[in-house]
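Going down the list, the protein sequences come from chains A and B. Under my numbering, the first residue of the first sequence carries the number 1, and numbering increases by one thereafter. Under my numbering, the first residue of the second sequence carries the number 1001, and numbering increases by one thereafter. Right, one structure below, let's go through it.
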Amino acid sequence: MYEKIYAEILSFFPTTLSEIMQIKPNEWEQVEEIRIRLGQPICIRMHDKEIFLKQKVGQEDMMRLLENFSHNSIYAIQSELNNGFITIRGGHRIGITGTSVLEDEKIKNIKYISSLNIRIAREIKDCSLSFMQYIINKNSFLNTLLISPPGCGKTTILRDIIRQLSNGFGEFKGRNIGVVDERSEIAAMYKGIPQNDVGIRTDVMNNCAKHIGMNMLIRSMAPEIIATDEIGGKKDEEAIEHAIYSGVKLLFTAHGDDINDIPSNMLENKLFKNIIVLTRNKKPGEVKKIYTLKEEKYVTCI
Amino acid sequence: MLLVFKLILLLAILVISSLIGYMISNRYVARVKELQKLITALEIFETRINYTYDTIPECFHYIAHYIEGSIGNIFQNTADALEKENNTGTGDCLKRIIDEERIALNLTDTDIEILKGLSVSLGQIDLDSQMKNIRLVIHTLNSQLEQAEEEKSKNFKLYRNMGILTGLVLMIVLI
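Have a look at this one:
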């Protein structure tokens, strides 16, 4: 694990921030976030504790880090930067705050970077095994939505479900899956190759707005199932409707604490057979509730 | 015996003098070729960042694949250095590599200064500003190319013939 984090994240750190290398290799297993704030020591957040390094981060270090994360090419990450985060090789998301430069009410740039939050992405194979009984019925897939607040493992579980559905699982024969990976977190594509295992029958539309990617995949790749992360916008709803009319099955995630946090249209139209709500009371990926559609109503089965 | 030795010496003077003339004249040709390669390289760079949003190391590797010689080496070595080093800005890295390759280049000091202009804010600005800077460098290099071609047509034959003539004059004087 340390080797992977080193190759994907720590190798970007300038030598002026080398203190981070003093964290023991076995502790990297637990790291969830690295928070870097200007003028403050680096904070390494683990599952059950936080470590603050002694060294304080300067403006030069911030710019150096951002340039290194962009492979010395800020222009290449400009559109992501304007959304407040970038995704690097391995699917790790780096949140950015600073002073925004506006043009026509849109963020043109972020200057004076004040904080970076590196969220470590992890691929946990077979973490979705306990969900499979709810989302497949013999050889058919049931439209499913995963809901949880941030940090509860939605994307990790979604990725594993995609892999299982793509490869085949028990009696369920593998299907062609179209994945719209807007933030490169699901497949973590690098130069056209998924860095995470998303299965042998999976086509990935990377770094593309969800509604555009869904329509493109339906037209071009004829997927049997479409999967994407964090749906919720008005345009997403229209694309989902288009997918349903095209006979495509749905596997999505959304931010929220419970079923009432998702757009009301989706509930009224009964788009999903199952809605799985996740939490992280003891550990990420715990099931809080599972709603299933019975006689046109969502009822809890867990 | 002495006559043979004298003849060999005179011939050697003629050959060396001609070679010096040839080398000086050849620098004018080489400069034109290097400027042309440089302009092509920067046009590739401009296209790559505009249409594929490739990172600078990716663009530079791509350029080095198509542009041979010292100009290709500048891009190859800069890309390699950027991938290895975490403490140097892209512009500083490019400037350092240009200085390292300087001895192998036939470009003038002005050409080099213009090329170094590419390093200003390289990799630290948005796409539009990056493109503007590349276009400015290409535009200025095009002016240098025109001047280099004029100098070549004026001086290439002059220095080549001057080398041979100087050799012949020296031979006559020494006979």
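Virtual Cβ for every residue (Gly too), placed ideally from N, Cα, C. Keep in mind the model is a prediction, meaning the values are calculated, not measured.
According to the Cβ coordinates, are arginine 89 of chain A and alanine 187 of chain A closer than 8 Å?
Indexing the first sequence from 1 puts residue 89 of chain A at position 89. Indexing the first sequence from 1 puts residue 187 of chain A at position 187. Contact flag unset, no.
Contact with chain D by phenylalanine 13 of chain A, beta-carbon distance below 8 Å
The chain labelled as chain D is not found among the protein chains of the depicted structure, namely A and B.
Alpha carbons only, please: which of A/Met63, A/Leu66 and A/Arg35 is nearest the one belonging to leucine 53 of chain A?
Here residue 53 of chain A refers to the residue found at position 53 when the first sequence is read from its first residue. The shortest Cα separation from leucine 53 of chain A among A/Met63, A/Leu66 and A/Arg35 belongs to A/Arg35.
Which class does valine 1173 of chain B belong to by DSSP, given the choice of helix, strand or coil?
Residue numbering aside, residue 1173 of chain B sits at position 173 when the second sequence is read from its first letter. Helix.
On the DSSP bridge assignment, give the partners of asparagine 1133 of chain B in chain order.
The residue given as residue 1133 of chain B occupies position 133 in the second sequence. None; asparagine 1133 of chain B has no bridge partner.
Cβ closer than 9 Å: which chain A residues qualify as neighbours of glutamine 986 of chain B?
With chain B covering 1001 to 1175 only, the question about residue 986 of chain B has no answer from this structure.
Taking any Cβ of chain A, which residues in the stretch 1055-1086 of chain B have a Cβ under 7 Å from it, in chain order?
Thr1055, Ile1056, Pro1057, Leu1082 and Asn1086
What does aspartate 1099 of chain B reach in chain A if we use C-beta pairs closer than 8 Å?
Counting from 1 along the second sequence, the entry for residue 1099 of chain B is found at position 99. By Cβ distance, chain A contributes nothing, its closest Cβ being about 19 Å from aspartate 1099 of chain B, past 8 Å.
Cβ separation of serine 114 of chain A and arginine 37 of chain A, assumed to be a contact under 8 Å, to the nearest whole Å:
Working through the first sequence from its first residue, we reach residue 114 of chain A at position 114. Working through the first sequence from its first residue, we reach residue 37 of chain A at position 37. So it is a contact: roughly 7 Å between Cβ atoms.
Complete alpha helix (DSSP H) runs within the stretch 1073-1126 of chain B (minimum length 4 residues, chain order)
1090-1101 and 1109-1116
Name the chain B residues that come within less than 8 Å of asparagine 68 of chain A, Cβ to Cβ?
On the first sequence, residue 68 of chain A is found 68 positions in, with the first residue counted as 1. Near asparagine 68 of chain A (Cβ distances below 8 Å), the residues of chain B are Asn1086.
Using a Cβ-Cβ distance cut-off of 8 Å, determine whether isoleucine 1125 of chain B contacts chain A.
Taking the second sequence and counting its residues from 1, one reaches residue 1125 of chain B at position 125. Chain A, which has a Cβ nearer than 8 Å to the Cβ of isoleucine 1125 of chain B, makes this yes.
Which whole runs of the beta strand (DSSP E) in the stretch 148-197 of chain A are 3 residues long or more, in chain order?
177-181
Under 8 Å between the Cβ atoms of arginine 1160 of chain B and tyrosine 1022 of chain B?
Taking the second sequence and counting its residues from 1, the one referred to as residue 1160 of chain B is at position 160. Taking the second sequence and counting its residues from 1, the one referred to as residue 1022 of chain B is at position 22. Yes.
Considering only their Cβ atoms, is the gap separating phenylalanine 13 of chain A from isoleucine 5 of chain A smaller than 8 Å?
Sequence index remark: in the first sequence, residue 5 of chain A carries index 5 (1-based). Sequence index remark: in the first sequence, residue 13 of chain A carries index 13 (1-based). No, the pair does not count as a contact, with Cβ atoms beyond the cut-off.
According to DSSP, is histidine 255 of chain A part of a helix, a strand, or is it coil?
Working through the first sequence from its first residue, we reach residue 255 of chain A at position 255. Strand, per DSSP.
Nearest-angstrom Cα distance between isoleucine 42 of chain A and glutamate 33 of chain A?
Mapped onto the first sequence, residue 42 of chain A falls at position 42. Mapped onto the first sequence, residue 33 of chain A falls at position 33. Roughly 11 Å separates the two Cα atoms.
State the Cα-Cα distance for the pair proline 263 of chain A and histidine 255 of chain A, rounded to the nearest angstrom.
What you label residue 263 of chain A is simply residue 263 of the first sequence in a count that begins at 1. What you label residue 255 of chain A is simply residue 255 of the first sequence in a count that begins at 1. Computed Cα separation, rounded: 11 Å.
What residues in the stretch 94-114 of chain A bring their beta carbon closer than 7 Å to a beta carbon of chain B?
Asn109
Can aspartate 257 of chain A be considered in contact with the ligand SAM, in the sense that its beta carbon sits closer than 7 Å to one or more heavy atoms?
Summarising the ligand content, the structure contains no ligands, and the ligand SAM is consequently not present.
Go through the stretch 68-124 of chain A residue by residue and report every complete run of the beta strand (DSSP E) that reaches 3 residues or more, in order.
85-88, 92-103 and 106-119
If you compare alpha carbons, which of B/Ile1097, B/Ile1013, B/Met1131 and B/Glu1113 is closest to asparagine 1077 of chain B?
Sequence index remark: in the second sequence, residue 1077 of chain B carries index 77 (1-based). Per the Cα distances, B/Ile1097.
On the DSSP bridge list, what partners appear for alanine 227 of chain A?
Along the first sequence, read from residue 1 onward, the residue named residue 227 of chain A stands at position 227. In the DSSP output, where bridge partners are listed per residue, alanine 227 of chain A has A/Val179 and A/Leu251.
Assess, as a yes-or-no matter, whether the stretch 140-159 of chain A is touched by the stretch 272-282 of chain A under the definition of 3 or more beta carbon pairs within less than 8 Å.
yes
Is proline 223 of chain A buried or exposed, if buried means 16 or more other CB atoms sit within 10 Å of its CB?
Here residue 223 of chain A refers to the residue found at position 223 of the first sequence. That one is buried.
How many angstroms separate the CA atom of isoleucine 1044 of chain B from the CA atom of leucine 1094 of chain B?
Translated into the one-based positions of the second sequence, residue 1044 of chain B becomes position 44. Translated into the one-based positions of the second sequence, residue 1094 of chain B becomes position 94. Distance between the alpha carbons of isoleucine 1044 of chain B and leucine 1094 of chain B is about 17 Å.
Under 8 Å from the C-beta of glutamine 78 of chain A: neighbouring residues of chain B:
In the first sequence, counting from the first residue as 1, residue 78 of chain A sits at position 78. Under the 8 Å cutoff, chain B gives Asp1126 and Leu1127.
Host alpha helix (DSSP H) of proline 1057 of chain B (start-end):
Within the second sequence, residue 1057 of chain B is the residue found at index 57, counting from 1. Element bounds for proline 1057 of chain B: 1056-1066.
Residues near valine 1120 of chain B by beta carbon distance below 8 Å, same chain, minus five either side:
What you label residue 1120 of chain B is simply residue 120 of the second sequence in a count that begins at 1. The answer, listed in chain order, is Gly1091 and Asn1133.
Serine 166 of chain A vs arginine 201 of chain A beta-carbon contact at 8 Å:
Taking the first residue of the first sequence as position 1, residue 166 of chain A is located at position 166. Taking the first residue of the first sequence as position 1, residue 201 of chain A is located at position 201. In contact: serine 166 of chain A and arginine 201 of chain A (Cβ atoms closer than 8 Å).
Using a cut-off of 9 Å between C-beta atoms, extract the partners of threonine 1090 of chain B located in chain A.
The residue labelled residue 1090 of chain B in the question sits at position 90 within the second sequence. Residues of chain A passing the Cβ test: Glu67, Asn72 and Ser73.
State yes or no: is the beta carbon of arginine 35 of chain A nearer than 8 Å to at least one beta carbon in chain B?
Taking the first sequence and counting its residues from 1, the one referred to as residue 35 of chain A is at position 35. No, no contact with chain B.
Helix, strand or coil: how does DSSP classify isoleucine 240 of chain A here?
Working through the first sequence from its first residue, we reach residue 240 of chain A at position 240. If DSSP states are grouped into helix, strand and coil, isoleucine 240 of chain A belongs with the helices.
Between which residues of its own chain and lysine 173 of chain A is the CB-CB distance below 7 Å, once the five residues before and five after are set aside?
Translated into positions along the first sequence, residue 173 of chain A becomes position 173. Counting only Cβ-Cβ distances below 7 Å, and skipping sequence neighbours, we find Asn139.
For chain B, find out if any of its Cβ atoms is closer than 8 Å to the Cβ of arginine 64 of chain A; answer yes or no.
Your numbering for residue 64 of chain A matches position 64 in the first sequence. So yes, arginine 64 of chain A belongs to the interface.
Below 8 Å on the Cβ atoms is my contact criterion, and I expect leucine 1141 of chain B with leucine 1038 of chain B to pass it. Report the Cβ-Cβ distance as a whole number of Å.
In the second sequence, residue 1141 of chain B corresponds to position 141, counting from 1. In the second sequence, residue 1038 of chain B corresponds to position 38, counting from 1. At roughly 6 Å, the Cβ-Cβ gap stays under 8 Å, so leucine 1141 of chain B and leucine 1038 of chain B are in contact.
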